[in-house]
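> Residue numbering for the sequence shown follows the UniProt record's numbering, starting at 1 and increasing by one per position. Quick one: the structure is below, questions incoming.
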Amino acid sequence: MDVSLGLLTLVVVVCAASALARHLNLSVPLLLVVVGVIGSYLPFIPVVKLDPELVLVGILPPLLYAAAIRTSLVEFRTNLRSIGLLSVGYVIFGTVAIGLIVWWLLPEIPLAAAFALGAVVAPPDAVAATTIARRVGLPRRVVSLLEGESLVNDATALVLLRTAIVAIGGSVTVWQVASDLAFAAGGGVIVGLIAAWLLLQIRKRVRNVAINTSMSLAAPFVAYLPAEGINASGVLAVVVAGLVIGTKTPAMPGGASRLSQRSNWATVQFLLENSVFLLIGLQVRSVIEATSGDSLGAARIWGACAVILVAVLLLRPIWVFPAIYLPRLIPKIRKADPAPPWQLPAIVSWAGMRGVVTLAAVFALPEDVAHRPVLVLAALGVVAGTLVVQGLSLPWLVRILGVRGPDTKADALSQAALMDQATAAGIENLRRHGRPDDPPEVLDMLERRTQERNRAAWERLGRSELADRTPSKRYVQLRLLMLDAERARVLKLRRTGEYAHEVIGEVLEMLDVEESMLDSSSEDIGVDLRAETQPAARPDTAGVPLGAGGCEHLRAVGEHPVPQDPECSDCVREGTSPVHLRMCLLCGNVGCCDSSVGQHATRHFRETGHPIMCSAEPRELWRWCYIDELLG
Numbered sequence: 001m002d003v004s005l006g007l008l009t010l011v012v013v014v015c016a017a018s019a020l021a022r023h024l025n026l027s028v029p030l031l032l033v034v035v036g037v038i039g040s041y042l043p044f045i046p047v048v049k050l051d052p053e054l055v056l057v058g059i060l061p062p063l064l065y066a067a068a069i070r071t072s073l074v075e076f077r078t079n080l081r082s083i084g085l086l087s088v089g090y091v092i093f094g095t096v097a098i099g100l101i102v103w104w105l106l107p108e109i110p111l112a113a114a115f116a117l118g119a120v121v122a123p124p125d126a127v128a129a130t131t132i133a134r135r136v137g138l139p140r141r142v143v144s145l146l147e148g149e150s151l152v153n154d155a156t157a158l159v160l161l162r163t164a165i166v167a168i169g170g171s172v173t174v175w176q177v178a179s180d181l182a183f184a185a186g187g188g189v190i191v192g193l194i195a196a197w198l199l200l201q202i203r204k205r206v207r208n209v210a211i212n213t214s215m216s217l218a219a220p221f222v223a224y225l226p227a228e229g230i231n232a233s234g235v236l237a238v239v240v241a242g243l244v245i246g247t248k249t250p251a252m253p254g255g256a257s258r259l260s261q262r263s264n265w266a267t268v269q270f271l272l273e274n275s276v277f278l279l280i281g282l283q284v285r286s287v288i289e290a291t292s293g294d295s296l297g298a299a300r301i302w303g304a305c306a307v308i309l310v311a312v313l314l315l316r317p318i319w320v321f322p323a324i325y326l327p328r329l330i331p332k333i334r335k336a337d338p339a340p341p342w343q344l345p346a347i348v349s350w351a352g353m354r355g356v357v358t359l360a361a362v363f364a365l366p367e368d369v370a371h372r373p374v375l376v377l378a379a380l381g382v383v384a385g386t387l388v389v390q391g392l393s394l395p396w397l398v399r400i401l402g403v404r405g406p407d408t409k410a411d412a413l414s415q416a417a418l419m420d421q422a423t424a425a426g427i428e429n430l431r432r433h434g435r436p437d438d439p440p441e442v443l444d445m446l447e448r449r450t451q452e453r454n455r456a457a458w459e460r461l462g463r464s465e466l467a468d469r470t471p472s473k474r475y476v477q478l479r480l481l482m483l484d485a486e487r488a489r490v491l492k493l494r495r496t497g498e499y500a501h502e503v504i505g506e507v508l509e510m511l512d513v514e515e516s517m518l519d520s521s522s523e524d525i526g527v528d529l530r531a532e533t534q535p536a537a538r539p540d541t542a543g544v545p546l547g548a549g550g551c552e553h554l555r556a557v558g559e560h561p562v563p564q565d566p567e568c569s570d571c572v573r574e575g576t577s578p579v580h581l582r583m584c585l586l587c588g589n590v591g592c593c594d595s596s597v598g599q600h601a602t603r604h605f606r607e608t609g610h611p612i613m614c615s616a617e618p619r620e621l622w623r624w625c626y627i628d629e630l631l632g
């Protein structure tokens, strides 16, 4: 009963705190940690002891797998050098540096135990960094780099921790450490690939949604447990399996299974990643009380914890900046991947929050290690300190440095262009496989519905205040109202008992599937599509169609050829790198897009008033009016 009540309380607190944080626009991890700290001092809440086995086996594999299946393997490969330097190089650097600092501050602690603490606090948390990174709207490359680092760095840290624990009871050589790392990495990759192959073979042959979803939930443990059984890296096996399965699954039949897995993993990830922050806070009281009688004295202990926290904060930028810029001194690397502006490494340096893996790993230290409670307190100090200092200041730093997240207009344009190609492929295949005896009305309906979906993607490029007036959005609005009435009638008929329960359930399920598809459109534009509103037409937009030729500026502008090798001269002068290039159609000026640091295309419009620009990227044929915010 106590376990059941504890789990129920955990879920209720996590849901309530997460909802409150979102309502108040606060950081969910920080609020949950604060709630946990308060709870640890309440007399009616029992002491919660964090079990390392629970975290490292029960929580970490599912969290890493949930992140891996959503990670782009293409982006992971693109950032592989930087990810490797952070997830392997930085963890080794941090382990050695922190270990030496701890040994210098507290020589009573064995050197091997000091290195063990270094391995514990070296890797940033997989959840904390990306949660805050997405919340503050960082550029995609920064988020991809942080996600890639967090997927692999735990594997490096846990191997180093395992080696340090062995060294506490004996001695190890540099060769042993290197061989352990090599075996853990190689074995983890091989086991992960085998696990992915087996799970994908099952996925190809089984179409049942419940079975596929269950196998998906078991996937992280299918990869983790065999790898750990041969002393390889279970963490790396989970990551490799997740990356492969996440890449291959969309090409397989069974959309219902993918929807079910996506929904279930979203729930699992929400509960686990928020529960870990609450567990961190619940450890505070017991960890502090455990050091009260230590012979080192309170002043030395707290002073050492403060120095270790400062060292953790400083060591990351000391490694990150050289790791990003030194490889680009090689001409081949610099040409293929130009150096980013300094603001991006600064953000990566500061997005180094630690989390529950750090605490779980430090609890794995043997009980007989000298001054073990002090090591646990130091790890807790690093976790709490980085969450508070970096977590609270990261949004401020992003604003001060002027770093912007993805350009929503560019994303909408990319989506529309992608839908164009998908629609063309679908219609071409329809015409290829159509038979002479196919009913013309069926072919027309298929083609019309496909083209309507494509037009809806282009409509998102219009002004936000017109979002609920476009044909596709009005269709969704009216269809949702119809579904409400249809569901109400079915539920009313259910009460009569005239229809079998199974029949009622199937009809309701069909309505739910359609509503879930429509609700995704509602979330995209951020409006209530069920609201029966009829906004009055604005004088300057009434009767003006969206899309090509939709405003006087787009209709009036003529042709202007794009240069053979366009470049943003302002970026060249300022030493920044553009993401995409845009060209003014009145004077031919080339500037960078709003996802770039300089945003020189928009700056050119504000300085000159030239309203029309076009893409200067290859294979992109579109124009944009800054004044009317319309595409042509």
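Every residue gets a Cβ at the ideal spot worked out from N, C-alpha and C, and that includes glycine.
Would you tell me roughly how many angstroms separate the C-alpha atoms of Leu272 and Thr9, rounded to the nearest one?
As a position in the sequence shown, residue 272 is number 272, starting the count at 1. As a position in the sequence shown, residue 9 is number 9, starting the count at 1. If you take the alpha carbons of Leu272 and Thr9, they lie about 14 Å apart.
> Considering only heavy atoms of the ligand PLP, does any lie closer than 6 Å to the CB of Gly36?
This structure lacks the ligand PLP; in fact it carries no ligand of any kind.
> Between which two residues does the alpha helix (DSSP H) holding Cys592 run?
Position 592 of the sequence shown, counted from the start, is the residue given in the question as residue 592. Per DSSP, Cys592 belongs to no alpha helix (DSSP H); it is in the beta strand (DSSP E), Val590 to Cys592.
> Residues in the same chain with beta-carbon distance under 6 Å from Arg463, minus the five sequence neighbours each way, listed in chain order, please.
Here residue 463 refers to the residue found at position 463 of the sequence shown. With a pLDDT of only 47 at Arg463, under the threshold of 50, the placement of this residue in the model should not be trusted; the figure read from the coordinates follows. Around Arg463: Glu629.
> DSSP three-state label for Arg603, please.
One-based indexing of the sequence shown puts residue 603 at position 603. Reduced to three states, the DSSP call for Arg603 is helix.
> Is the Cβ-Cβ distance between Phe363 and Leu50 less than 7 Å?
By 1-based counting over the sequence shown, the position of residue 363 is 363. By 1-based counting over the sequence shown, the position of residue 50 is 50. Taking 7 Å as the Cβ cut-off, Phe363 and Leu50 qualify as a contacting pair.
> Return helix, strand or coil for Trp622, following the three-state DSSP convention.
Numbered from its first residue, the sequence shown carries residue 622 at position 622. Trp622: coil per DSSP, three-state reduction.
> DSSP state of Met482, grouped into three classes?
On the sequence shown, position 482 is the one that residue 482 refers to. It is helical.
> Check each candidate in Ala251, Ala157, Val191 and Gly192 and name the one with the smallest Cα separation from Val177.
Sequence index remark: in the sequence shown, residue 177 carries index 177 (1-based). Measuring from the Cα of Val177, the nearest candidate turns out to be Ala157.
> In angstroms, rounded to a whole number, what distance separates the CA positions of Phe270 and Val238?
What you label residue 270 is simply residue 270 of the sequence shown in a count that begins at 1. What you label residue 238 is simply residue 238 of the sequence shown in a count that begins at 1. Their Cα atoms are separated by approximately 19 Å.
> Can you round the beta-carbon distance between Leu387 and Met353 to whole angstroms, since I take them to be within the 8 Å contact cut?
Within the sequence shown, residue 387 is the residue found at index 387, counting from 1. Within the sequence shown, residue 353 is the residue found at index 353, counting from 1. That pair is a contact at about 5 Å.
> Which of the three DSSP states is assigned to Cys614 in this structure?
Here residue 614 is taken as the residue at index 614 of the sequence shown, counted from 1. The answer is strand: DSSP assigns Cys614 an E or B state.
> Beta-carbon within less than 7 Å of Val222's beta-carbon, same chain only, minus the 5 sequence neighbours each way: which residues are those?
Working through the sequence shown from its first residue, we reach residue 222 at position 222. These residues qualify, in order along the chain: Ala195 and Leu199.
> According to DSSP, which residues form a beta bridge with Leu581?
To locate residue 581, count along the sequence shown from 1; it is residue 581. Answer by DSSP bridge pairing, in chain order: Cys592.
> Mind checking whether Val513 and Val490 have CB atoms under 7 Å apart?
Position 513 of the sequence shown, counted from the start, is the residue given in the question as residue 513. Position 490 of the sequence shown, counted from the start, is the residue given in the question as residue 490. Not in contact: Val513 and Val490 (Cβ atoms no closer than 7 Å).
> If you reduce the DSSP assignment to three classes, tell me which class Leu106 lands in.
Position 106 of the sequence shown, counting from 1, holds the residue named residue 106. Here Leu106 sits in coil by DSSP.
> Pick out whichever of Val287, Arg203, His580 and Glu289 has its Cα sitting closest to the Cα of Thr249.
To locate residue 249, count along the sequence shown from 1; it is residue 249. Among Val287, Arg203, His580 and Glu289, the Cα nearest to that of Thr249 is on Arg203.
> For the segment 113-126 against the segment 88-101, are there 3 or more C-beta pairs whose distance is under 8 Å?
Enough Cβ pairs lie closer than 8 Å, so yes.
> Whole angstroms are fine: how far does the CA of Thr163 sit from the CA of Gly426?
Translated into the one-based positions of the sequence shown, residue 426 becomes position 426. Translated into the one-based positions of the sequence shown, residue 163 becomes position 163. Cα to Cα, Gly426 sits roughly 55 Å from Thr163.
> Helix, strand or coil, according to DSSP, for residue 633 in the structure here?
Limits of the chain in this structure are 1 at one end and 632 at the other, which puts residue 633 out of reach.
> From Cys40 to Leu225, what distance separates their C-alpha atoms?
One-based indexing of the sequence shown puts residue 40 at position 40. One-based indexing of the sequence shown puts residue 225 at position 225. According to the sequence shown, residue 40 is Ser rather than Cys. Their backbone Cα atoms lie some 33 Å apart in a straight line.
> Apply the 10 Å Cβ neighbour rule to Asp570 and answer buried if 16 or more other Cβ atoms are within range, or exposed otherwise.
Stepping through the sequence shown from its first residue, residue 570 is reached at position 570. Burial call: buried.
> Quick one: is Tyr499 buried, meaning 16 or more other Cβ sit within 10 Å of its Cβ, or exposed?
The sequence position of residue 499 within the sequence shown is 499, counting from 1. Exposed, by the Cβ-count rule.
> Excluding the five sequence neighbours on either side, which residues of its own chain have a C-beta within less than 8 Å of the C-beta of Ala323, listed in chain order?
Locating residue 323 in the sequence shown gives position 323, counting from the first residue. Around Ala323: Ser82, Leu85, Leu86, Gly89 and Tyr90.
> With 16 other CB atoms within 10 Å as the buried threshold, where does Trp103 fall?
As a working mapping, residue 103 is identified with position 103 in the sequence shown. Burial call: buried.
> Kindly indicate which three-state DSSP category Arg404 falls into: helix, strand or coil?
Taking the sequence shown and counting its residues from 1, the one referred to as residue 404 is at position 404. Three-state DSSP puts Arg404 in coil, outside helix and strand.
> For Ile400, which of Leu138, Leu236 and Glu441 has the nearest alpha-carbon?
In the sequence shown, residue 400 corresponds to position 400, counting from 1. If we check each option's Cα against that of Ile400, Leu138 comes out closest.
> What does the Cβ neighbour count give for Asn208, buried or exposed, with the cut at 16 atoms within 10 Å?
Within the sequence shown, the letter at position 208 stands for residue 208. It is exposed - the Cβ of Asn208 has fewer than 16 other Cβ atoms within 10 Å.
> Measuring alpha carbon to alpha carbon, tell me which residue in Gly303, Val206, Gly246 and Val13 is nearest Gly281.
What you label residue 281 is simply residue 281 of the sequence shown in a count that begins at 1. Considering only alpha carbons, the answer is Val13.
> Count Cβ pairs between the segment 171-186 and the segment 139-149 that sit closer than 8 Å; are there 3 or more?
No, they do not touch.
> In the DSSP assignment, find the unbroken alpha helix (DSSP H) run with Ile69 in it and report its ends.
Here residue 69 is taken as the residue at index 69 of the sequence shown, counted from 1. No alpha helix (DSSP H) contains Ile69, which DSSP labels as neither H nor E.
> Cutting at 6 Å between CB atoms, please list the residues of its own chain near Glu228, excluding the five before and the five after it.
The count along the sequence shown starts at 1 and reaches residue 228 at position 228. These residues qualify, in order along the chain: Gly234.
> Under the three-state reduction of DSSP, which class applies to His433: helix, strand or coil?
The residue labelled residue 433 in the question sits at position 433 within the sequence shown. In this structure, His433 counts as helix in the three-state DSSP scheme.
> Taking its Cβ as the centre, do 16 or more other Cβ atoms sit within 10 Å of Val142, making it buried, or is it exposed?
Counting from one through the sequence shown, the residue named residue 142 turns up at place 142. That one is buried.
> Can you have a look at Leu529 and say buried or exposed, based on whether 16 or more other CB atoms are within 10 angstroms of its CB?
As a first step, residue 529 must be located in the sequence shown, where it is residue number 529. With a pLDDT of only 47 at Leu529, under 50, the local geometry of the prediction cannot be trusted, and no value is derived from it.
> Could you give the residue range of the alpha helix (DSSP H) that holds Asp570?
Working through the sequence shown from its first residue, we reach residue 570 at position 570. Segment Ser569 to Glu574, the alpha helix (DSSP H) holding Asp570.
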